[in-house]
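These notes are about the structure you will find just below.
Residue numbers (mature numbering (1 follows the signal peptide of the UniProt record, and there is no 0)): -22 to -1, 1 to 273.
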């Protein structure tokens, strides 16, 4: 079985109680030439020793954004409200800005910053062309810096499904998506989501399939005030890898290792099944009608 996913745009959908920064790019199948840098003094706000150059993508690119031009050209803000939320916080009216990092900033290296406390944020942009997951790998990659820490919220992205009635200004938490990926936190529960929506071929109902929680301590990535690179790699053979700072933290098979699995087990236990009262425990039962053959 091979997936035939298709999507046409990318959205940042975030509920945040503090400021956060999603820097640089979210892309598919892309490698960047390394920027020319020297050692960074992490104890100062700006290091004059660093020369920054905007990364230039190579390969087949469906979306890339550095924010280095200081504008949000091509991005649309949601005008929707979050379902089930109180009226005073239901609107996706959190403010977005393009800014430098607060600490260890490199002149010219900018990022998308959430500016509003205790507000819902949603912003989206179209891909250059639809991506059809068929015979080529997909790479989704972007950087996040929780530069002021975070109490309850996330910095995940969604690849929205290619539907006829898609309106990016109507983007909200119920908008159909194909893939959701990125960090999320509330209290002391630290998560790194990888979720995809799969249409059940029999019922026609879409189901969310969740990757298992990474077996690494995610807390550091939310609390160290450093920029971290989050990467999702999907292969045509239905395998996936999740990486943080180019280190694999989770991997598996899209058909077998998601929860619930796309391909369910051939046999499942019935917790309500019980042995009948008339069950015969004898290993062998004599046949009273049997006779010995003549030969």
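Even glycine gets a Cβ: it sits at the ideal position worked out from N, Cα and C. Predicted model, so just to flag it, every value in this text is computed and none were measured.
Q) From 118, 222 and 44, pick the residue whose C-alpha is nearest to that of residue 34; which is it? A) 44
Q | Under the three-state DSSP convention, the category residue 185 falls into | A | strand
Q. With a CB to CB cut of under 7 Å and the five nearest residues on each side skipped, what residues in its chain are close to residue 197?
A. 168
**Q.** Sub-8 Å separation of residue 220 and residue 261 beta-carbons
**A.** no
Q.
Considering only DSSP beta bridges, list what residue 302 is partnered with.
A. For residue 302 there is no data in the structure shown, the boundaries of the chain being -22 and 273.
(Q) Can you give me the C-alpha to C-alpha distance between residue 73 and residue 214, rounded to a whole angstrom? (A) 38 Å
Q: Can you have a look at residue 152 and say buried or exposed, based on whether 16 or more other CB atoms are within 10 angstroms of its CB?
A: exposed
**Q.** Same chain, Cβ closer than 6 Å to residue 149, five either side skipped, listed in chain order
**A.** -12, 56, 100 and 102
Q. If you check the beta carbons only, do residue 240 and residue 176 fall under 8 Å apart?
A. yes
**Q.** DSSP bridge partner residues for residue 77 (one or two, in chain order)
**A.** 89
Q | Backbone CA spacing between residue 252 and residue 230 [nearest angstrom] | A | 35 Å
Q. Can you find at least 3 beta carbon pairs, one from the stretch 58 to 75 and one from the stretch 104 to 118, that sit closer than 8 Å?
A. no
Q) Under 8 Å, do residue 184 and residue 159 count as touching if we go by C-beta distance? A) no
(Q) Quick check on residue 14: buried or exposed, where buried means 16 or more other Cβ atoms within 10 Å of its Cβ? (A) Any reading at residue 14 must be qualified, since the residue scores a pLDDT of 37, below 50, and its modelled position is unreliable; no value is offered.
Q.
Assuming contact is defined by CB atoms lying nearer than 8 Å, are residue 155 and residue 137 in contact in what I supplied?
A. yes
Q | Chain-order list of residues whose beta-carbon lies under 6 Å from that of residue 86 (same chain, five-residue window excluded) | A | 30
Q: Using the DSSP secondary-structure output, state which residues sit across from residue 231 in a beta bridge.
A: 217
**Q.** Buried or exposed by the 16-neighbour rule on C-beta atoms within 10 Å, applied to residue 165
**A.** exposed
**Q.** Spatial neighbours of residue 274 in its chain, beta-carbon cut-off 8 Å, leaving aside the 5 residues before and after
**A.** For residue 274 there is no data in the structure shown, the boundaries of the chain being -22 and 273.
Q: May I have the straight-line CA-CA distance separating residue 94 from residue 123, to the nearest angstrom?
A: 16 Å
Q.
So, for residue 32: in the same chain, excluding its five sequence neighbours on each side, which residues have a beta-carbon less than 6 Å away from its beta-carbon?
A. 44 and 46
Q: Measure the C-alpha to C-alpha separation of residue 41 and residue 92 and round it to an integer number of angstroms.
A: 21 Å
Q | Extent of the continuous beta strand (DSSP E) to which residue 97 belongs | A | 97 to 111
Q: Could you tell me which residues DSSP pairs with residue 168 in its beta bridges?
A: 163
Q: Measure the C-alpha to C-alpha separation of residue 227 and residue 243 and round it to an integer number of angstroms.
A: 26 Å
Q. Under the three-state reduction of DSSP, which class applies to residue 5: helix, strand or coil?
A. Only weak support is given to the placement of residue 5: the predicted model assigns it a pLDDT of 39, under 50, and the question is left unresolved by the model.
Q: Report yes if the C-beta distance between residue 203 and residue 75 is below 8 Å; otherwise report no.
A: no
Q: Report the option in 90, 39, 61 and 37 whose CA atom is closest to the CA atom of residue 274.
A: This structure cannot speak to residue 274, because the chain is shown only from -22 to 273.
Q. What are the start and end residues of the beta strand (DSSP E) that includes residue 200?
A. Careful: residue 200 lies outside any beta strand (DSSP E), inside the alpha helix (DSSP H) at 197 to 201.
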